[in-house]
Amino acid sequence: MSCVSLTTDYGLVDGFVAACHGVLLRLAPGVPIVDVTHLVPRGDVRRGSAVLAATVPHLPSGAAHVAVVDPGVGTGRRALAVRTPEGFLVGPDNGLLVPGAEVLGGVLAAVDLTVPAGTPATFHGRDVFVPAAAALLAGRPLDALGTPVDPRSLVRLPAPLARVSAGPGGIRLESEVLLVDTFGNVALAAPAELLAEAGLRPGTRARLTCPPPSRALGTGGPAGPASPVELTVGVTFGSVRPGELVLYVDSSGLAAVARRDGDAARALGLAPGDRVVVAPL
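Just so we're aligned: the sequence shown equals residues 0 to 280 in numbering that gives the first Met the number 0.
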């Protein structure tokens, strides 16, 4: 027996999460339930996908990971169950599942889940995805749950920008902001190896150029500092003094920016999807 994980944008105010738990407790009694998060911003498929991919490698092998950020629920989008070398992913075919599948070894097989006649159109998490996860953990074959689909046909989100390039001032790292966590730490889409490739090594200094504050923040937020800003390339938050910015490799192996004892995202006016440029000094 492994576990079921749940990653959704359902929030914690209504009974949606409890309903999913209840179905699991009825269909798969005794199977542990791991709530990854239910606070993905509403309809933010990219954020849900990034959280899922960062989390599933650390959960037990053989788990069934249910992910529901599904603005297209009830439309013609496919309802998927996917098998990987390390477990299953279940959710909508809107790009949410593929990054998680890739970190679990890649898609070995996938099916378009059969949606029983009379199923309500707006709560596939409870009525389609959770029952499919329970069936898979009970040993039911994947191909018994729906129609096989070509793994190459799964919807994939556009790859976030992450590259090293030669700019007017020399070599630089260009990257999209992938995630901002609850501490205000800013995870970039760039993996650790791109830092080294750009000459951004611990103990050195760098210049970070942010987007204009009006674009990064939208409306209602405080203006960020003038761009560019200087920061230290370090190993952890303690690599700098309180209030200073540090560029480091986070626990997921991604380049990230933090402000010691503070909120880097707020200080810099950064949000997921923004693009930054980091160059060594």
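Note that the Cβ used here is the ideal one computed from N, Cα and C, for glycine as well.
Using a Cβ cut-off of 8 Å (strictly closer), state whether T203 contacts chain D. The chain inventory of the structure shown lacks chain D, comprising one protein chain alone.
Tell me H64's beta-bridge partners as DSSP assigns them. Locating residue 64 in the sequence shown gives position 65, counting from the first residue. DSSP output for H64 lists S4 and L88 as bridge partner(s).
What is the DSSP secondary structure of P115, reduced to helix, strand or coil? Here residue 115 refers to the residue found at position 116 of the sequence shown. In the structure shown, the three-state DSSP call for P115 is coil.
Alpha carbon to alpha carbon, how far is V234 from V127? Counting from 1 along the sequence shown, the entry for residue 234 is found at position 235. Counting from 1 along the sequence shown, the entry for residue 127 is found at position 128. Rounded to the nearest angstrom, the two C-alpha atoms are 44 Å apart.
Does the region 105–113 come close enough to the region 143–154 that 3 or more CB-CB pairs lie under 8 Å? Taking one beta carbon from each stretch, the region 143–154 and the region 105–113 have 3 or more pairs nearer than 8 Å; the two touch.
Taking only runs of the alpha helix (DSSP H) that begin and end inside the region 178–203, which ones reach a length of at least 4 residues, in chain order? 191–196
With C-beta atoms as the reference, is G124 less than 8 Å away from A278? In the sequence shown, residue 124 corresponds to position 125, counting from 1. In the sequence shown, residue 278 corresponds to position 279, counting from 1. Not closer than 8 Å, so no.
Just to confirm my understanding: we take A52, look at its own chain, exclude 5 residues before and 5 after, and list those with CB closer than 7 Å. What are they? As a working note, residue 52 is residue 53 in the sequence shown. Taken in chain order, the residues that qualify are P98, G99 and V102.
Quick check on the burial criterion: 16 or more other C-beta atoms within 10 angstroms. Buried or exposed for S4? For the purposes of this step, residue 4 is taken as residue 5 along the sequence shown, with counting starting at 1. Burial call: buried.
Whose C-alpha, out of S226, L187 and G183, is nearest the C-alpha of G242? One-based indexing of the sequence shown puts residue 242 at position 243. Measuring from the Cα of G242, the nearest candidate turns out to be G183.
Applying the 10 Å Cβ sphere with the 16-neighbour rule, what's the burial state of G117? Translated into the one-based positions of the sequence shown, residue 117 becomes position 118. G117 comes out exposed.
How many Å lie between G105 and L141 at the Cα? One-based indexing of the sequence shown puts residue 105 at position 106. One-based indexing of the sequence shown puts residue 141 at position 142. Rounded to the nearest angstrom, the two C-alpha atoms are 16 Å apart.
Length of the line joining the Cα atoms of C2 and V89: Stepping through the sequence shown from its first residue, residue 2 is reached at position 3. Stepping through the sequence shown from its first residue, residue 89 is reached at position 90. When rounded, the distance between both Cα atoms is 13 Å.
Could you tell me the alpha carbon to alpha carbon distance between A222 and G268, rounded to whole angstroms? Counting from one through the sequence shown, the residue named residue 222 turns up at place 223. Counting from one through the sequence shown, the residue named residue 268 turns up at place 269. Legend: pLDDT at A222 = 46, less than 50; position of this residue unreliable, no value from coordinates given.
Identify the continuous alpha helix (DSSP H) that holds E101 and give its terminal residues. Here residue 101 is taken as the residue at index 102 of the sequence shown, counted from 1. E101 -> alpha helix (DSSP H) spans V97 to V102.
Please name the residue in L79, R45, A63 and V185 whose C-alpha comes closest to that of L246. On the sequence shown, position 247 is the one that residue 246 refers to. It is V185 whose Cα lies nearest to the Cα of L246.
On the three-state DSSP scale, how would you describe S174? Residue mapping note: residue 174 aligns to position 175 of the sequence shown, counting from 1. Correct three-state label for S174: strand.
Nearest by alpha-carbon distance to P59: which of R77, A66, A80 and P31 is it? Here residue 59 refers to the residue found at position 60 of the sequence shown. Checking every option, the nearest Cα to that of P59 belongs to P31.
Could you name the residues of the same chain whose beta carbon sits closer than 8 Å to that of R155, not counting the 5 residues immediately before and after it, in chain order? What you label residue 155 is simply residue 156 of the sequence shown in a count that begins at 1. Correct list, in chain order: G94 and V97.
Please classify A266: is it buried, with 16 or more other beta-carbons within 10 angstroms of its beta-carbon, or exposed? Along the sequence shown, one-based indexing puts residue 266 at 267. Label assigned to A266: buried.
Helix, strand or coil for L216, going by three-state DSSP, please let me know. Within the sequence shown, residue 216 is the residue found at index 217, counting from 1. With a pLDDT of only 41 at L216, under 50, the local geometry of the prediction cannot be trusted, and the value read off the model is given with reservation. Secondary structure of L216 (DSSP, three-state): helix.
Starting from L246, trace the alpha helix (DSSP H) in both directions and tell me its first and last residue. By 1-based counting over the sequence shown, the position of residue 246 is 247. It is not in any alpha helix (DSSP H) - L246 instead sits in the beta strand (DSSP E) that spans L244 to V248.
With DSSP run on the structure shown, which of helix, strand or coil describes V152? Working through the sequence shown from its first residue, we reach residue 152 at position 153. Before going on, a small fix: residue 152 reads as Ser here, not Val. If DSSP states are grouped into helix, strand and coil, S152 belongs with the helices.
My output table needs one value for G42: the three-state DSSP class, helix, strand or coil. The residue given as residue 42 occupies position 43 in the sequence shown. Looking at G42 - three-state DSSP - the assignment turns out to be coil, as it is neither helix nor strand.
Span of the alpha helix (DSSP H) holding G21? Along the sequence shown, read from residue 1 onward, the residue named residue 21 stands at position 22. Start and end: F15 to L26.
Among L253, S250, R274 and D92, the one whose alpha carbon lies nearest that of T152: Indexing the sequence shown from 1 puts residue 152 at position 153. It is worth fixing the name first, because residue 152 is Ser in this sequence and not Thr. The shortest Cα separation from S152 among L253, S250, R274 and D92 belongs to D92.
Starting from P130, follow the alpha helix (DSSP H) in both directions and report where the run begins and ends. Within the sequence shown, the letter at position 131 stands for residue 130. Here the alpha helix (DSSP H) through P130 covers V129 to L136.
Which of helix, strand or coil does DSSP assign to A254? By one-based count along the sequence shown, residue 254 stands at place 255. In the structure shown, A254 sits in a strand (DSSP, three-state: E or B).
8 Å Cβ cutoff met for V50 and V67: Here the question's residue 50 lines up with position 51 in the sequence shown. Here the question's residue 67 lines up with position 68 in the sequence shown. Taking 8 Å as the Cβ cut-off, V50 and V67 do not qualify as a contacting pair.
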